[in-house]
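Asks: Before anything else, here's the structure in question.
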Amino acid sequence: MLHRHGDRGARPPPCEGLSVRAWHRLFALLLAVASPVPLSARDAPPGFDGFIHRAWTSDDGVPDFVQALAQTPDGYLWLGTYEGLFRFDGVSFEAIAVAPGHPPGAIPVSAVAVTRRGQLWVGYAGGAGVE
(Lines of atoms letter the chains of each structure in order from A; the text may use other names.)
(Lines give C-alpha, C1' and ligand atoms only; values in the text may rest on other atoms or scores of the structure.)
Protein backbone atom coordinates (compact mmCIF):
# COMPACT_ATOMS: atom_id res chain seq x y z
CA MET A 23 0.00 0.00 0.00
CA LEU A 24 1.39 3.38 -1.00
CA HIS A 25 0.96 6.45 1.12
CA ARG A 26 1.27 10.01 0.00
CA HIS A 27 3.45 12.31 2.03
CA GLY A 28 1.24 14.20 4.45
CA ASP A 29 -1.37 11.48 4.78
CA ARG A 30 -2.34 10.90 8.36
CA GLY A 31 -1.19 7.59 9.66
CA ALA A 32 1.39 7.22 6.91
CA ARG A 33 4.96 6.63 7.95
CA PRO A 34 7.46 9.23 6.73
CA PRO A 35 10.24 8.06 4.43
CA PRO A 36 13.20 6.74 6.43
CA CYS A 37 15.48 9.74 5.72
CA GLU A 38 12.95 12.54 6.12
CA GLY A 39 13.73 13.23 9.77
CA LEU A 40 17.50 13.74 9.30
CA SER A 41 18.95 17.16 10.06
CA VAL A 42 21.35 18.96 7.74
CA ARG A 43 24.25 18.02 10.01
CA ALA A 44 23.22 14.36 9.87
CA TRP A 45 23.01 14.55 6.06
CA HIS A 46 26.55 15.97 5.95
CA ARG A 47 27.84 13.20 8.19
CA LEU A 48 26.11 10.56 6.11
CA PHE A 49 27.53 12.04 2.90
CA ALA A 50 31.05 12.17 4.37
CA LEU A 51 30.78 8.56 5.51
CA LEU A 52 29.59 7.41 2.08
CA LEU A 53 32.35 9.39 0.39
CA ALA A 54 35.00 7.86 2.64
CA VAL A 55 33.72 4.34 2.08
CA ALA A 56 33.27 4.70 -1.69
CA SER A 57 36.47 6.64 -2.39
CA PRO A 58 38.97 4.69 -4.53
CA VAL A 59 41.82 6.78 -3.10
CA PRO A 60 42.65 6.34 0.56
CA LEU A 61 41.72 9.44 2.53
CA SER A 62 44.71 10.22 4.71
CA ALA A 63 46.96 13.06 5.66
CA ARG A 64 49.03 14.43 2.84
CA ASP A 65 52.19 12.52 2.08
CA ALA A 66 55.38 14.04 3.41
CA PRO A 67 57.26 16.10 0.84
CA PRO A 68 60.07 14.30 -0.94
CA GLY A 69 63.37 14.34 0.88
CA PHE A 70 66.74 15.50 -0.27
CA ASP A 71 67.86 12.05 -1.39
CA GLY A 72 68.87 13.24 -4.85
CA PHE A 73 70.77 16.29 -3.63
CA ILE A 74 74.28 16.79 -2.34
CA HIS A 75 74.80 19.10 0.63
CA ARG A 76 78.06 20.99 0.92
CA ALA A 77 78.87 23.49 3.65
CA TRP A 78 81.71 25.99 3.36
CA THR A 79 83.56 27.33 6.39
CA SER A 80 86.36 29.79 7.02
CA ASP A 81 88.76 26.89 6.36
CA ASP A 82 87.49 26.98 2.75
CA GLY A 83 88.06 30.72 2.43
CA VAL A 84 84.62 31.93 3.47
CA PRO A 85 84.84 35.35 5.15
CA ASP A 86 83.79 35.41 8.79
CA PHE A 87 81.10 38.09 8.51
CA VAL A 88 79.10 38.66 5.33
CA GLN A 89 77.33 42.04 5.21
CA ALA A 90 75.95 41.93 1.67
CA LEU A 91 75.19 39.34 -0.98
CA ALA A 92 74.25 39.60 -4.67
CA GLN A 93 74.23 37.34 -7.72
CA THR A 94 75.18 38.53 -11.19
CA PRO A 95 73.64 37.09 -14.37
CA ASP A 96 76.78 35.02 -15.01
CA GLY A 97 75.98 33.03 -11.85
CA TYR A 98 78.67 34.38 -9.54
CA LEU A 99 77.75 35.19 -5.95
CA TRP A 100 79.37 38.38 -4.67
CA LEU A 101 79.89 38.81 -0.93
CA GLY A 102 80.55 42.14 0.74
CA THR A 103 82.45 41.63 4.00
CA TYR A 104 84.65 43.44 6.52
CA GLU A 105 87.50 41.64 4.79
CA GLY A 106 86.62 43.06 1.35
CA LEU A 107 84.83 41.74 -1.73
CA PHE A 108 84.66 38.01 -2.47
CA ARG A 109 83.42 36.15 -5.53
CA PHE A 110 82.01 32.62 -5.24
CA ASP A 111 81.76 30.41 -8.33
CA GLY A 112 79.99 27.47 -6.68
CA VAL A 113 83.25 25.78 -5.76
CA SER A 114 85.61 28.28 -4.18
CA PHE A 115 85.84 31.83 -2.86
CA GLU A 116 88.17 34.40 -4.38
CA ALA A 117 89.14 37.72 -2.79
CA ILE A 118 88.77 40.54 -5.34
CA ALA A 119 90.69 43.83 -5.30
CA VAL A 120 88.06 46.56 -5.54
CA ALA A 121 90.21 49.67 -5.75
CA PRO A 122 93.39 50.24 -7.76
CA GLY A 123 96.48 50.14 -5.60
CA HIS A 124 94.75 48.30 -2.75
CA PRO A 125 95.20 44.57 -2.24
CA PRO A 126 92.14 42.31 -1.91
CA GLY A 127 90.61 42.67 1.53
CA ALA A 128 92.08 46.11 2.23
CA ILE A 129 88.74 47.95 2.10
CA PRO A 130 85.60 46.71 3.94
CA VAL A 131 82.60 46.29 1.62
CA SER A 132 79.21 47.14 3.13
CA ALA A 133 76.91 46.75 0.10
CA VAL A 134 76.71 44.97 -3.24
CA ALA A 135 73.94 45.33 -5.80
CA VAL A 136 73.28 44.22 -9.36
CA THR A 137 71.74 46.62 -11.87
CA ARG A 138 69.08 45.63 -14.40
CA ARG A 139 71.84 45.46 -16.99
CA GLY A 140 73.73 42.95 -14.83
CA GLN A 141 76.45 45.30 -13.58
CA LEU A 142 77.78 44.84 -10.06
CA TRP A 143 77.89 47.90 -7.81
CA VAL A 144 80.03 47.83 -4.69
CA GLY A 145 79.56 50.12 -1.69
CA TYR A 146 82.25 50.73 0.88
CA ALA A 147 81.89 51.40 4.59
CA GLY A 148 83.10 54.97 3.97
CA GLY A 149 80.30 55.65 1.48
CA ALA A 150 82.11 55.42 -1.87
CA GLY A 151 81.08 52.99 -4.58
CA VAL A 152 82.39 51.58 -7.83
CA GLU A 153 80.93 49.78 -10.81
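Numbering (this note's numbering), first residue to last: 23 to 153. Glycine included, each C-beta is placed from N, C-alpha and C at the ideal position.
(1) Throw me the rounded Cβ distance for the G145 and I129 pair, which I believe falls under 8 Å.
(2) Since E105 sits in a beta bridge, which residues does DSSP pair it with?
(3) In terms of DSSP beta bridges, what is L142 paired with?
(4) For A121, does the three-state DSSP call read helix, strand or coil?
(5) Who are the Cβ neighbours of W78 in its own chain at under 6 Å, not counting the five residues just before and after it?
(6) Rounding to the nearest angstrom, what Cα-Cα distance links R76 and D82 in this structure?
(7) Exposed or buried, which one is F87 when buried takes at least 16 other CB atoms within 10 Å?
(8) For the candidate residues V120, L48, T94, whose alpha-carbon lies nearest to that of F110?
Replies: The answer reads as follows:
(1) That belief does not hold up - the Cβ atoms of G145 and I129 are roughly 11 Å apart, past 8 Å.
(2) In DSSP, E105 forms no bridge with anything.
(3) V136
(4) coil
(5) V84
(6) 11 Å
(7) exposed
(8) T94
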